[in-house]
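If you read the sequence shown in my numbering, its first letter stands for residue 749, the second for the next number, and so on.
Notes for the one structure printed next.
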Amino acid sequence: MKRNDYLLAGVICLTAIVLWVFQIVNRDSGTTVVVKTDGHIYGTYRLDCNREILIDDHNLLVIEEGKAYMKWADCKDQLCVHQKEIASENESIICLPNKVIVEVSGRADTQPETDATAQ
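This is how it looks when you write it as structure tokens:
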């Protein structure tokens, strides 16, 4: 490799690091957790209220200290249980076998937005 190749690789790596740090620093913490089962909203819960939520007798979601995590699930792979806690906007926990999606939202309103396919 020539000198310019190393310079280009360095610039690309530096740009990637700067973008990654910018994303981490500018993360918005969410205020609510939206739980969906089979594509429908099961419930919306505030992150500042500690609680345990049993979702359709298949998953146990825990909200404590402003974070949410899946404590228990009856699915075979347990991937949702091993996912990290979520607290920032647009972070999610997904349990595919039970069709459960838990997503952090920054908005207090719970009305889903209408998109082009829903109209």
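C-beta atoms are modelled at their ideal positions from N, C-alpha and C, and glycine is treated no differently.
In this text the structure is predicted, and so the values were computed from the model without any measurement.
key: For Glu833 and Tyr817, believed in contact at Cβ under 8 Å, the rounded distance   = Here residue 817 is taken as the residue at index 69 of the sequence shown, counted from 1. Here residue 833 is taken as the residue at index 85 of the sequence shown, counted from 1. Confirmed, about 4 Å.
Check: Quick one: is Leu795 buried, meaning 16 or more other Cβ sit within 10 Å of its Cβ, or exposed?
Finding: The count along the sequence shown starts at 1 and reaches residue 795 at position 47. Result: buried.
- Query: How big is the Cα-Cα spacing for Asp804 and Val783?
  - Reply: Walking along the sequence shown from the start, residue 804 turns up at place 56. Walking along the sequence shown from the start, residue 783 turns up at place 35. Between Asp804 and Val783, the C-alpha separation is close to 11 Å.
Assigned secondary structure, Ala764 (DSSP; H/G/I helix, E/B strand, else coil)
Counting from one through the sequence shown, the residue named residue 764 turns up at place 16. Of the three classes helix, strand and coil, the one that applies to Ala764 here is helix, per DSSP.
In chain order, what residues of the same chain lie with their CB nearer than 6 Å to the CB of Thr780, ignoring the 5 residues before and after it? Here residue 780 refers to the residue found at position 32 of the sequence shown. Once the five neighbours on either side are set aside, the close Cβ partners of Thr780 are Thr792, Arg794 and Ser853.
| request: State the CB to CB distance for the pair Val848 and His806, rounded to an integer number of angstroms; the pair is presumed to be in contact (CB under 8 Å). | output: Numbered from 1 along the sequence shown, position 100 holds the residue referred to as residue 848. Numbered from 1 along the sequence shown, position 58 holds the residue referred to as residue 806. Right, their Cβ atoms sit about 7 Å apart.
Within the same chain, show all residues whose beta-carbon is closer than 6 Å to that of Gln831, passing over the 5 residues directly before and after it, in chain order. Along the sequence shown, one-based indexing puts residue 831 at 83. So the list reads Ile841, once near-sequence residues are dropped.
N-terminal and C-terminal residue of the alpha helix (DSSP H) that Asp828 is part of: On the sequence shown, residue 828 is found 80 positions in, with the first residue counted as 1. Looking at the sequence provided, one finds Cys at residue 828 rather than Asp. Taken as a continuous stretch (DSSP letters only), the alpha helix (DSSP H) holding Cys828 covers Leu827 to His830.
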